[in-house]
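Colleague:
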Amino acid sequence: MRDLLNLFFILTLSFCSFASFAISIEEVEEQFKQRTMDDSGFESMLDVESMGLEIYNSKNLSDAVRARGILIACRAKNFRGEYLPVSRSEQKIEFHEGTNHCRNGIKLLEKKLGTPKNPEDGQTLAKLYFWYTTVFGRWFEDESKFSALKYWNSEVKPILESLIDQMEMEKMLGWGPHRALGRAYYSIPAGKSKSLRFMKKAYMKSRSKNHKVSVYPLNTYFYAESLIAKGKMDEARKILEATLTLAEDEEKLRELNAEAEKLYGDYRWFETLHEIELCREVLHSLQ
């Protein structure tokens, strides 16, 4: 009887193990796309992270699939860090863990900086680079100037420049590498002029053809902050007011969101609304 129970226990564990790996990376990525900014949405991101890590840790899968698993785990942590209503110290834990996830994915695919072991993995490696620098930047933005400069020289600048110059990925995610580079320069001593240059490019290149503002209010927000840092208050006010005036018309704002969704492939309505509020806060600070 004991032997039969042991056998049943082993078979049960084996079945559970098989079932846990039965989910595909496409299903995990689709679950991430269903994210919502509420308690259930935040909890679901823990599930997404867990499944992404499970895929990453599976030695039976290809490195390309494993890297996509760890990438989605990174993005789940970034989402929680951005939107969870918690203290800054708790947010930083989410960002730090997300940074580590992307770093592991980079190690898996990278031959050397800007070069994947397999050419077909170039797109995934570029996304890992981008999200690594983005999440890393959110973690270190309130570090000391010395720490920011150290991280900038060793971690951020080489990767972002590689994305733009070597991998020709400057257009990805709404000119995201330029936005990330501009925001990183904003965080370091004597970096405000270069920050403005990169943020202007991110803003101008991502402008809507129909509405003449960036399809990503986040680009407007960061560009305005860079303008303000250089004393260009009137220019900052102008771009903020243009975006916020458009936002008063929900139909037009949804058109803007649809443009961003088409370019980005994964851009939620609530994310546009959140970024509009960031723009509103900056404009209010100029009153």
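Positions 31 to 317 (this note's numbering) are the ones given, in order, by the sequence shown. We put the CB at the ideal spot given by N, CA and C, even for glycine.
With a 10 Å radius around its C-beta and 16 neighbouring C-beta atoms as the bar for buried, classify T275 as buried or exposed.
Modeller: Your numbering for residue 275 matches position 245 in the sequence shown. Looking at its Cβ environment, which holds fewer than 16 other Cβ atoms inside 10 Å, T275 is exposed.
Colleague: Give me the Cα-Cα distance between C46 and I53, rounded to the nearest whole angstrom.
Modeller: Walking along the sequence shown from the start, residue 46 turns up at place 16. Walking along the sequence shown from the start, residue 53 turns up at place 23. With a pLDDT of 48 at C46, under the threshold of 50, the predicted position of this residue should be treated as unreliable, though the coordinate-derived value follows. Those two C-alpha atoms are separated by around 12 Å.
Colleague: Quick check: the region 148–161 against the region 87–99, are at least 3 beta-carbon pairs closer than 8 Å?
Modeller: Contact between the region 87–99 and the region 148–161 is present, because at least three Cβ pairs lie under 8 Å.
Colleague: Could you work out which residue in E57, E56, M67 and I55 is closest to Y297 when comparing CA atoms only?
Modeller: To locate residue 297, count along the sequence shown from 1; it is residue 267. Of E57, E56, M67 and I55, the residue nearest in Cα terms is M67.
Colleague: Taking the beta strand (DSSP E) that K260 falls in, what are its first and last residues?
Modeller: Counted from its first residue, the sequence shown places residue 260 at position 230. Segment: none, K260 is in no beta strand (DSSP E) and carries neither H nor E.
Colleague: Quick check on the DSSP output: what are the complete beta strand (DSSP E) runs of length 3 or more inside the region 99–159, in order along the chain?
Modeller: Here the runs fully enclosed are 140–142.
Colleague: Between which two residues does the alpha helix (DSSP H) containing W299 stretch?
Modeller: On the sequence shown, residue 299 is found 269 positions in, with the first residue counted as 1. Element bounds for W299: W299 to S315.
Colleague: If distances are taken between C-alpha atoms only, which option among Y233, S88, S192 and E140 comes closest to E374?
Modeller: Coverage of the chain is limited to positions 31 through 317, which leaves residue 374 absent and any answer about it impossible.
Colleague: Rounded C-beta distance between Y294 and I269? I'm assuming under 8 Å.
Modeller: Mapped onto the sequence shown, residue 294 falls at position 264. Mapped onto the sequence shown, residue 269 falls at position 239. Actually they are not in contact, since the Cβ atoms of Y294 and I269 sit about 20 Å apart, beyond 8 Å.
Colleague: So, using beta-carbon positions, are E79 and I55 closer together than 9 Å?
Modeller: Position 49 of the sequence shown, counted from the first residue, corresponds to residue 79. Position 25 of the sequence shown, counted from the first residue, corresponds to residue 55. Contact flag unset, no.
Colleague: Tell whether a beta-carbon distance below 9 Å holds between N249 and E285.
Modeller: Position 219 of the sequence shown, counted from the start, is the residue given in the question as residue 249. Position 255 of the sequence shown, counted from the start, is the residue given in the question as residue 285. Taking 9 Å as the Cβ cut-off, N249 and E285 do not qualify as a contacting pair.
Colleague: Within a Cβ cutoff of 6 Å, which residues of the same chain sit near Q61, ignoring the five residues on either side of it in sequence?
Modeller: For the purposes of this step, residue 61 is taken as residue 31 along the sequence shown, with counting starting at 1. Contacts found: V78.
Colleague: Leaving out the 5 sequence neighbours to the left and right, which residues in its chain are closer than 6 Å to L313 when beta-carbon positions are compared?
Modeller: Along the sequence shown, one-based indexing puts residue 313 at 283. Here the set comprises L270.
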